[in-house]
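Participant: The structure's right below; bear with me while I get my questions together.
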Amino acid sequence: MRVWKCDEESVVSYLNKILIECKELLLKKSLEQVVVVIYDGLDHSPKERWAIRLDEREEVSSEHESTVEEVKKKFSDILKQIKASSNLLPLHDGKCIFDVLLVVKKDVSVPETFEPTSAQFLTNAEDLPFQALNVPHFKLDSFVTYKV
């Protein structure tokens with residue numbers, strides 16, 4: 001699997017802004033889902049939809065809370081699943097573009113720079129779920145939807 005690092009300042013700046021907004025929305029418990037959509041670079045049709053759903057949990061007693069090491073291990077396991085999934089996903093010819101969607105609870109105020117959009121669901125697609133991750137305050141379910 002090839003991994004690329006982006007040094008283009010505009011992309012790094014875009015992602016940093018999104019991470020700041022994610023953090024603020026998480027602290028307010030307003031964020032429901034983070035979605036990355038991969039589009040065909042020519043016709044802008046969605047090819048893949050990577051989603052992380054955040055389900056708010058009741059407070060957990062300290063005896064049931066995962067340690068930092070346990071969370072790191074679980075996160076590492078999920079990353080291994082994501083890497084392995086690349087063998088199942090179809091290859092994309094040509095250039096692709098991406099967008100990050102932040103799904104927030106109803107009646108939550110968002111920055112003016114946010115643009116309303118549709119959920120960008122894919123038609124004729126398959127879902128590939130990944131292992132769930134329980135962290136303090138949230139259960140994270142992640143999956144990729146891809147065109148068949």
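Under UniProt numbering, residues 1 to 148 are what the sequence shown spells out, in order.
Glycine is no exception: its CB is placed at the ideal position from the N, C-alpha and C atoms.
Measuring alpha carbon to alpha carbon, tell me which of R49, T123, P129 ends up nearest L79.
Facilitator: Locating residue 79 in the sequence shown gives position 79, where the first residue counts as 1. Measuring from the Cα of L79, the nearest candidate turns out to be P129.
Participant: How should Y39 be labelled, buried or exposed, when 16 other C-beta atoms within 10 angstroms of its C-beta is the threshold for buried?
Facilitator: Locating residue 39 in the sequence shown gives position 39, where the first residue counts as 1. It counts as buried.
Participant: Just list the alpha helix (DSSP H) runs in the UniProt domain "HORMA" (1-144), keeping only unbroken ones of 4 residues or longer that don't cross its boundaries, in chain order.
Facilitator: With a minimum length of 4 residues, the continuous alpha helix (DSSP H) runs that stay inside the UniProt domain "HORMA" (1-144) are 9-27, 68-85.
Participant: V68 and V135 - do their beta-carbons sit closer together than 8 angstroms?
Facilitator: For this step, residue 135 is matched to residue 135 along the sequence shown. For this step, residue 68 is matched to residue 68 along the sequence shown. No.
Participant: Out of A51, V110, T145, which has the shortest C-alpha to C-alpha gap to E126?
Facilitator: By 1-based counting over the sequence shown, the position of residue 126 is 126. Nearest C-alpha to E126: T145.
Participant: Between the beta-carbon of I52 and the beta-carbon of V34, is there less than 8 angstroms?
Facilitator: If you number the sequence shown from 1, residue 52 lands on position 52. If you number the sequence shown from 1, residue 34 lands on position 34. Yes, these two residues count as a Cβ contact at 8 angstroms.
Participant: Are there 16 or more other CB atoms within 10 angstroms of the CB of W50, so buried, or fewer, so exposed?
Facilitator: Taking the sequence shown and counting its residues from 1, the one referred to as residue 50 is at position 50. Burial call: buried.
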